[in-house]
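Asker: For reference, the structure I am asking about is given below.
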Amino acid sequence: NFERNWFKFMVWEIKIISFLSFSRTIFLSWEYFYSLVNRFLHHEIFS
81 NFERNWFKFM VWEIKIISFL SFSRTIFLSW EYFYSLVNRF LHHEIFS
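Per this note's numbering, the sequence shown starts with residue 81, numbered consecutively.
Below, the structure written as structure tokens:
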């Protein structure tokens with residue numbers, strides 16, 4: 081029983097860690113994309 085709970089805990093920890101890394105990757109790529117679009121618009125408007 082104890083080992084099963086520990087296993088469940090490990091599975092949840094892996095899920096949470098993978099979710100966090102995934103969301104962080106999404107956030108960073110979105111930030112990068114946003115900065116590119118911003119730079120492009122700035123260049124187009126003020127050129």
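Cβ atoms here follow ideal geometry from the backbone N, Cα and C, with glycine treated the same way.
When the Cα atoms are used, what is the spatial distance from residue 98 to residue 104?
Answerer: Their backbone Cα atoms lie some 10 Å apart in a straight line.
Asker: What number of angstroms, rounded off, separates the C-alpha of residue 88 from the C-alpha of residue 126?
Answerer: One C-alpha to the other measures close to 56 Å.
Asker: At which residues does the alpha helix (DSSP H) containing residue 118 begin and terminate?
Answerer: Counting along the chain, the alpha helix (DSSP H) containing residue 118 begins and ends at 82–125.
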